[in-house]
DNA sequence: ATACGGAATTAGCCATACCTAAATAGTAAA
DNA sequence: TTTACTATTTAGGTATGGCTAATTCCGTAT
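Laid out in structure tokens, this is it:
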């Protein structure tokens, strides 16, 4: 159930849009029918966690949002902890955090946050929500949607694909790095990384993993 | 299933004695019937993890022992990690470790061990088995069975009762502490703690939590 | 040798969360 | 407006690991 709440939160995005059965099924790697079943179970929970209307999708209630953001906080704290303390590489943290986020206690959460000094972002640049609070959304867009020749700073990267993360690291495309898009074609982008001055070609899939914001 | 393997290991002790359904049910806080069901499932696993004969109890095979010791290693590493790194008090570590031991990856295990410098004992004095190896059993006896007036060193303490642990800590009865039993009655023991020189009265339940060895 | 009592097992259920296959609802195009 | 496609839901089944109640086994004490 936790997984569903988190997925609804993440798929709904900043607008908290209604999320479809199909989108949830894809994200959670289960069948549509399983999602329907689970949504019905979730909708029967008291206190109410989701608003679900048949054939119309699902949204989180305030209580559902609280729970989901708590999981996101767990996840991002764990990622940073695994990276900074246990010396995981940044492509290794997601999978372990995804598993452990469900099982750590409040005490664990608090101690990790304390050790890390109440950090603001995880290794992929995502904001770590404050305890008991909803996360905030940054203004960021995927790199292919950024205008040409305009300075941008990488705000975060997609964390669910280890191979892409390794590639990004190899290319020095980490959160905080400034760049500009020189060319944006169907199949690839050419970017200039400010600190290096060098031009780099990124295929579309990789470019889609990069979120940028104005500097 | 993991819980059952670990319980069989721990209840079997150094002699690797056959473990009864009832003993398992008590340790795992489930009903006898549930244990019988689970033992049948375990006995049907390939590779074979347990030797189970109806009405005669259960023992671990070599493969079952490997798995169980791995869990014990996870548990004890986690306890030390929670204590030393996350600053848990020693009465708080057991519960969290008991939950997390099932979910950490091999990588997590290895990194924790590395950070802690391949430690030998957990906060309660229990030996941490080496990776991929069976644990070894120390010669230790519970304090009430130790002869009067003979110097003993606390080798380990029972870790499953937080209140007792807090009491032991308050009394300075930690692993490594030397003491002698002055008086051993039905209801309590009087011990002299070497470093303090002071006498302390322990009720029987508390004394049973303390395992000692010759210095 | 037998009867008793506790330990263990069987039989039959429950809940969770997944699955496939079949039926239905909603939407967009003809 | 009807058709056709796709999303969604329903129906019915699986595995895991619990449960209670009823039965059976085993060892001890008579």
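Protein chains in written order, with my numbering: chain F, 9 to 223; chain G, 9 to 223. Quick reminder that beta carbons are idealized off the backbone N, C-alpha and C, glycines included. Just so it is clear, the structure is predicted and the values come from calculations on it, not from any experiment.
ask   = Looking at C-alpha atoms only, which residue of 215/F, 146/F, 50/F is the closest neighbour of residue 189/F?
value = Within the first chain, residue 189/F is the residue found at index 181, counting from 1. Out of 215/F, 146/F, 50/F, 215/F has the C-alpha closest to the C-alpha of residue 189/F.
request  = Please compile the residues from chain F whose C-beta is within a distance smaller than 9 angstroms of the C-beta of residue 123/G.
outcome  = For the purposes of this step, residue 123/G is taken as the residue at position 115 of the second chain. Neighbours of residue 123/G on chain F, chain order: 93, 94, 95.
message = Would you say residue 108/G lies against chain F (beta-carbon separation less than 9 angstroms)?
response = Counted from its first residue, the second chain places residue 108/G at position 100. At least one C-beta of chain F is nearer than 9 angstroms to the C-beta of residue 108/G.
Spatially closest choice to residue 150/G from 51/G, 219/G, 69/G, by CA coordinates = Looking up residue 150/G in the second chain gives position 142. Taking only the C-alpha atoms, the option nearest residue 150/G is 219/G.
Unbroken beta strand (DSSP E) run spanning residue 208/G, endpoints = Locating residue 208/G in the second chain gives position 200, where the first residue counts as 1. Residue 208/G -> beta strand (DSSP E) spans 207-211.
ask   = On the three-pair Cβ rule with 8 angstroms, is the segment 92-102 of chain F touching the segment 124-137 of chain F?
value = The segment 92-102 of chain F is in contact with the segment 124-137 of chain F.
query = What three-state label does DSSP hand residue 45/G in the structure shown?
reply = Residue numbering aside, residue 45/G sits at position 37 when the second chain is read from its first letter. Helix.
query = Closest by CA to residue 159/F, which one among 89/F, 67/F, 205/F, 60/F?
reply = As a working note, residue 159/F is residue 151 in the first chain. In this structure, 205/F is the residue among 89/F, 67/F, 205/F, 60/F with its C-alpha nearest to the C-alpha of residue 159/F.
request  = Using 10 angstroms around the beta-carbon of residue 62/F, count the other beta-carbons present and answer buried if the total reaches 16, otherwise exposed.
outcome  = Taking the first chain and counting its residues from 1, one reaches residue 62/F at position 54. Counting the other Cβ atoms within 10 Å of the Cβ of residue 62/F gives fewer than 16, which makes it exposed.
ask   = Helix or strand or just coil, what does DSSP make of residue 38/F?
value = Counting from one through the first chain, the residue named residue 38/F turns up at place 30. Here residue 38/F sits in coil by DSSP.
inquiry  = For residue 152/G and residue 164/G, I'd like the C-alpha separation in whole angstroms.
reply    = Counting from one through the second chain, the residue named residue 152/G turns up at place 144. Counting from one through the second chain, the residue named residue 164/G turns up at place 156. The alpha-carbon atoms of residue 152/G and residue 164/G are separated by roughly 14 angstroms.
ask   = When burial is assigned at 16 or more other CB atoms within 10 Å of the CB, is residue 167/G buried or exposed?
value = The count along the second chain starts at 1 and reaches residue 167/G at position 159. Buried: at least 16 other Cβ atoms inside 10 Å.
ask   = Curious, which full-length beta strand (DSSP E) runs of at least 3 residues does the segment 152-212 of chain F contain?
value = Counting whole runs of 3 or more residues, the segment 152-212 of chain F contains the beta strand (DSSP E) stretches 160-165, 186-192, 196-201, 207-211.
ask   = Can residue 57/G and residue 13/G be called in contact, C-beta distance under 9 angstroms?
value = As a first step, residue 57/G must be located in the second chain, where it is residue number 49. As a first step, residue 13/G must be located in the second chain, where it is residue number 5. Yes.
task = Decide if residue 148/G is buried, meaning its Cβ has at least 16 other Cβ atoms within 10 Å, or exposed.
result = Translated into the one-based positions of the second chain, residue 148/G becomes position 140. By the neighbour-count criterion, in which 16 or more other beta carbons inside 10 Å mark a residue as buried, residue 148/G falls on the buried side.
task = Please classify residue 21/F: does DSSP put it in a helix, a strand, or coil?
result = As a first step, residue 21/F must be located in the first chain, where it is residue number 13. The answer is coil: DSSP assigns residue 21/F none of H, G, I, E or B.
task = For residue 83/F, count neighbouring C-beta atoms within 10 Å of its own C-beta (all shown protein chains included) and say buried if the count is 16 or more, exposed if not.
result = As a first step, residue 83/F must be located in the first chain, where it is residue number 75. Result: buried.
request  = State the Cα-Cα distance for the pair residue 145/G and residue 22/G, rounded to the nearest angstrom.
outcome  = The residue you call residue 145/G lines up with position 137 of the second chain. The residue you call residue 22/G lines up with position 14 of the second chain. Distance between the alpha carbons of residue 145/G and residue 22/G is about 6 angstroms.
ask   = From residue 25/G to residue 47/G, what distance separates their C-alpha atoms?
value = Residue mapping note: residue 25/G aligns to position 17 of the second chain, counting from 1. Residue mapping note: residue 47/G aligns to position 39 of the second chain, counting from 1. One C-alpha to the other measures close to 16 angstroms.
task = Please state whether DSSP places residue 215/G in a helix, a strand or coil.
result = Numbered from 1 along the second chain, position 207 holds the residue referred to as residue 215/G. The DSSP-derived three-state label of residue 215/G is helix.
task = Give a single yes or no on whether residue 167/F has its beta carbon closer than 8 angstroms to a heavy atom of the ligand FAD.
result = The ligand FAD is not among the ligands present in this structure, which contains no ligands whatsoever.
request  = Assuming residue 136/F and residue 85/F form a contact by the criterion Cβ under 8 angstroms, report the distance between their Cβ atoms to the nearest whole angstrom.
outcome  = Along the first chain, one-based indexing puts residue 136/F at 128. Along the first chain, one-based indexing puts residue 85/F at 77. Under the criterion of beta carbons closer than 8 angstroms, residue 136/F and residue 85/F qualify as touching, at roughly 6 angstroms.
inquiry  = Less than 6 angstroms between C-beta atoms, sequence neighbours within five positions excluded: which residues of the same chain meet that for residue 67/F?
reply    = For the purposes of this step, residue 67/F is taken as the residue at position 59 of the first chain. Taking residue 67/F as the centre and dropping the five residues before and after it, the same chain places the C-beta of 26, 59 closer than 6 angstroms to its C-beta, in chain order.
ask   = Relative to the alpha-carbon of residue 228/F, which residue among 9/F, 79/F, 42/F, 223/F has its alpha-carbon at the smallest distance?
value = With chain F running from 9 to 223 in the structure shown, residue 228/F is simply not present.
key: Residue from 55/G, 77/G, 90/G, 41/G with nearest C-alpha to residue 16/G   = Residue mapping note: residue 16/G aligns to position 8 of the second chain, counting from 1. Nearest C-alpha to residue 16/G: 77/G.
query = At least one CB of chain F closer than 9 angstroms to the CB of residue 119/G: is that the case?
reply = Here residue 119/G corresponds to residue number 111 of the second chain, with the count starting at 1. Output row for residue 119/G: interface = yes.
ask   = Going by C-alpha distance, which of 111/F, 113/F, 124/F is nearest residue 93/G?
value = On the second chain, residue 93/G is found 85 positions in, with the first residue counted as 1. Considering only alpha carbons, the answer is 124/F.
task = Starting from residue 84/F, follow the alpha helix (DSSP H) in both directions and report where the run begins and ends.
result = By 1-based counting over the first chain, the position of residue 84/F is 76. 70-92 is the span of the alpha helix (DSSP H), which, as asked, contains residue 84/F.
task = Give every residue of the same chain whose Cβ lies closer than 8 angstroms to the Cβ of residue 40/F, excluding the five residues on either side of it in the sequence, and list them in chain order.
result = Translated into positions along the first chain, residue 40/F becomes position 32. Within the same chain, 29, 30, 33 come within 8 angstroms of residue 40/F by CB-CB distance, once the 5 residues on both sides are set aside.
ask   = Cα separation between residue 44/F and residue 55/F?
value = Sequence index remark: in the first chain, residue 44/F carries index 36 (1-based). Sequence index remark: in the first chain, residue 55/F carries index 47 (1-based). Distance between residue 44/F and residue 55/F, taken at the CA atoms: about 19 angstroms.
query = Which value, in whole angstroms, describes the spacing of the CA atoms of residue 117/G and residue 170/F?
reply = Looking up residue 117/G in the second chain gives position 109. Looking up residue 170/F in the first chain gives position 162. Approximately 20 angstroms between the Cα atoms of the pair.
inquiry  = Would residue 100/G pass as an interface residue toward chain F - the criterion being a Cβ-Cβ separation below 9 angstroms?
reply    = The residue labelled residue 100/G in the question sits at position 92 within the second chain. Yes, residue 100/G lies at the interface with chain F (some Cβ there is under 9 angstroms from its Cβ).
query = How would you list, in chain order, the residues of chain G whose beta-carbon sits under 7 angstroms from the beta-carbon of residue 111/F?
reply = On the first chain, residue 111/F is found 103 positions in, with the first residue counted as 1. Under the 7 angstroms cutoff, chain G gives 107, 108, 111.
Residue 121/F versus residue 157/G: straight-line alpha-carbon distance, rounded = In the first chain, the residue the question calls residue 121/F occupies position 113. In the second chain, the residue the question calls residue 157/G occupies position 149. Rounded to whole angstroms, residue 121/F to residue 157/G spans 48 angstroms at the Cα level.
Strand pairing of residue 129/F, partner residues [DSSP] = On the first chain, residue 129/F is found 121 positions in, with the first residue counted as 1. Residue pairing by DSSP places residue 129/F opposite 135/F in a beta bridge.
request  = Could you have a look at residue 12/F and say whether DSSP puts it in helix, strand or coil?
outcome  = Residue 12/F sits at position 4 when you count from the first residue of the first chain. Under the three-state reduction of DSSP output, residue 12/F falls in the helix class.
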